[in-house]
Amino acid sequence: MFRLEPRSTRSYTAAWASPVLALVLTAVTGGVIFMAMGKDPGAALYLYFVEPLTTGSGLSEVAVKAGPLVLIGIGLSFGFRAGVWNIGAEGQYIAGAIAGGGLAVYWHQSESALLLPAMLLLGTIGGMTCAAIPALLKTRFNANEILVSLMLVYVAELLLVHLVQGPWRNPQGWGFPGTRMFPDAGTLPLLLRGQRLHLGSVIVLAAPFIAWFVLARTRFGFRIKVFGQAPLAARHSGVSSGRIVWQTLLIGGGLAGLAGVIEAAGTIGQLMPKISPGYGFTAIIVAFLGRLHPLGVLLAGIAIAVTYIGGEGAQISAGLPKAVTGLFQGIILFYLLAFDLFTRYRIVLPTRDTIQE
279 MFRLEPRSTR SYTAAWASPV LALVLTAVTG GVIFMAMGKD PGAALYLYFV EPLTTGSGLS
339 EVAVKAGPLV LIGIGLSFGF RAGVWNIGAE GQYIAGAIAG GGLAVYWHQS ESALLLPAML
399 LLGTIGGMTC AAIPALLKTR FNANEILVSL MLVYVAELLL VHLVQGPWRN PQGWGFPGTR
459 MFPDAGTLPL LLRGQRLHLG SVIVLAAPFI AWFVLARTRF GFRIKVFGQA PLAARHSGVS
519 SGRIVWQTLL IGGGLAGLAG VIEAAGTIGQ LMPKISPGYG FTAIIVAFLG RLHPLGVLLA
579 GIAIAVTYIG GEGAQISAGL PKAVTGLFQG IILFYLLAFD LFTRYRIVLP TRDTIQE
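To convert, count from 1 in the sequence shown and add 278; that's our numbering.
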């Protein structure tokens, strides 16, 4: 039997080429799947990956979809670089939407210019509060942050459903679950008439460059890198593991919460039982597809957003099922993990001596 042996060095070129190859092979695999479904693979792939980029409205929708993916992906990349596995960004996203959106629900007649900044701040704090629970349990009781953060997703989802169907339900909503529409002072202004692109996209666009500066040019970013690559050496040099866990989880939770309130105040305009198509989980793919680099996450977020918009268009134009979008994202992750395996390890075939043994 063959075995895997760790490589002494990793190729920098291979590490960055693997996401591109993963996307190419995903397109090839998608073509085979479409052919098996009786669809023209060329036309279907065009609908998915090209058509969203050919019109102004399509580009606007891609930017809107990419926003939360990029923001959450950047937050997760801080933790993943340090070996802190925050899998509950979906719950932190919802917690941020609840905290920030709740302010607009209670002050639904407000015209104050301070309402929107307060909502963004509260949304960030809401996401951080949700992330603080796994941080506390990890540092105090050595609980697994993967399980704790993941379980909190269900808590956040059920809390949102309770609020929008109960105390926060719109009294003029004809019994439908959902809050009042946010006041104009609590919504992000649109940037283009007739399209959904809003001011939140500008905030998101600035985030990768700020994150790059923090990770590449500050002592804090260096500590994260050292702790992730050599935790034992980091501890001996005085880096506190507990502090790194708290800092990276709070950053990830804060950015996820900010993404949640931006989505609620920019795209939706109210709180609803389902305010996310799974951005928190998809952002994990975005983070690794972007190689945990802020600018790479920006490009990866745009690429995944194209699959969302292309999938919606393909449902209408070609009658393709919505599940194909999730299938594409899963295939991308599969190929990415496969390429990562071969960049970290090499296959060693059995020799005659090992066979005899």
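Positions of the beta carbon are idealized from the N, C-alpha and C atoms, including for glycine.
Predicted model only: the values in this text are computed from it and were never measured.
Give me the DSSP bridge partner(s) of residue i.
| i | result |
| --- | --- |
| Val626 | Arg281 |
| His476 | Leu468 |
Taking the alpha helix (DSSP H) that residue i belongs to, which residues open and close that run?
| i | result |
| --- | --- |
| Pro418 | In the sequence as presented, Pro is not what sits at residue 418; that position holds Arg. Its alpha helix (DSSP H) spans residues 393-419. |
| Leu528 | 519-541 |
| Gln507 | 497-507 |
| Pro346 | 334-359 |
| Thr585 | 572-595 |
| Ile424 | 423-443 |
| Glu368 | 367-384 |
| Ser286 | That residue, Ser286, is in no alpha helix (DSSP H); it is neither H nor E in DSSP. |
| Leu323 | 319-327 |
| Thr560 | 557-567 |
With distances taken from CA atoms, which of the options is nearest residue i?
| i | options | result |
| --- | --- | --- |
| Gly367 | Lys600, Ile610, Ala561 | The question names Gly, yet the displayed sequence has Ala at residue 367. Comparing Cα positions, the closest option is Ala561. |
| Asp618 | Leu577, Gln607, Leu567, Leu325 | Leu567 |
| Gly336 | Leu570, Gly591, Ser289, Arg501 | Gly591 |
| Phe559 | Val306, Ile350, Thr307, Arg281 | Ile350 |
| Thr402 | His571, Gly604, Ala616, Leu533 | Leu533 |
| Leu528 | Ser286, Ala305, Phe356, Leu325 | Phe356 |
| Val492 | Ala463, Leu573, Gly472 | Leu573 |
| Leu414 | Gly353, Ala396, Ile522 | Ile522 |
| Val576 | Phe612, Ala382, Ala463, Val348 | The sequence as given places Leu at residue 576; Val does not occur at that position. Cα-wise, what sits closest to Leu576 is Val348. |
| Gly556 | Asn420, Thr333, Ile365 | Ile365 |
| Thr465 | Leu381, Thr526, Gly451 | Leu381 |
| Pro412 | Gly404, Leu425, Leu400 | Leu425 |
| Leu611 | Ala494, Lys552, Val564 | Val564 |
| Ala543 | Arg622, Gly604, Thr526, Pro461 | Pro461 |
| Val439 | Thr287, Ile376, Arg495 | Ile376 |
| Leu570 | Gly608, Leu605, Pro486 | Pro486 |
Assuming residue i contacts residue j (C-beta within less than 8 Å), just tell me the rounded distance between them.
| i | j | result |
| --- | --- | --- |
| Pro467 | Leu477 | 5 Å |
| Ala341 | Ser479 | 5 Å |
| Cys408 | Gly531 | 6 Å |
| Leu398 | Leu536 | 6 Å |
| Lys317 | Ala489 | That pair is no contact at about 39 Å. |
| Leu325 | Gly588 | 6 Å |
| Phe327 | Ala305 | 7 Å |
| Arg359 | Ile502 | 5 Å |
| Leu323 | Gly309 | 6 Å |
Checklist entry - Is the region 508-524 touching the region 369-378, taking contact as three or more C-beta pairs under 8 Å? => result no
Checklist entry - Is the number of C-beta pairs between the region 597-617 and the region 383-391 that are closer than 8 Å three or more? => result no
Item to check | Segment contact flag, the region 567-584 with the region 342-362, C-beta cutoff 8 Å, min 3 pairs | outcome: yes
Checklist entry - Would the region 541-552 and the region 423-431 be scored as touching if the rule is three or more Cβ pairs under 8 Å? => result no
Next on the checklist: Contact between the region 309-316 and the region 455-473 is defined here as three or more beta-carbon pairs at a separation below 8 Å; is this criterion met?
Outcome noted: no
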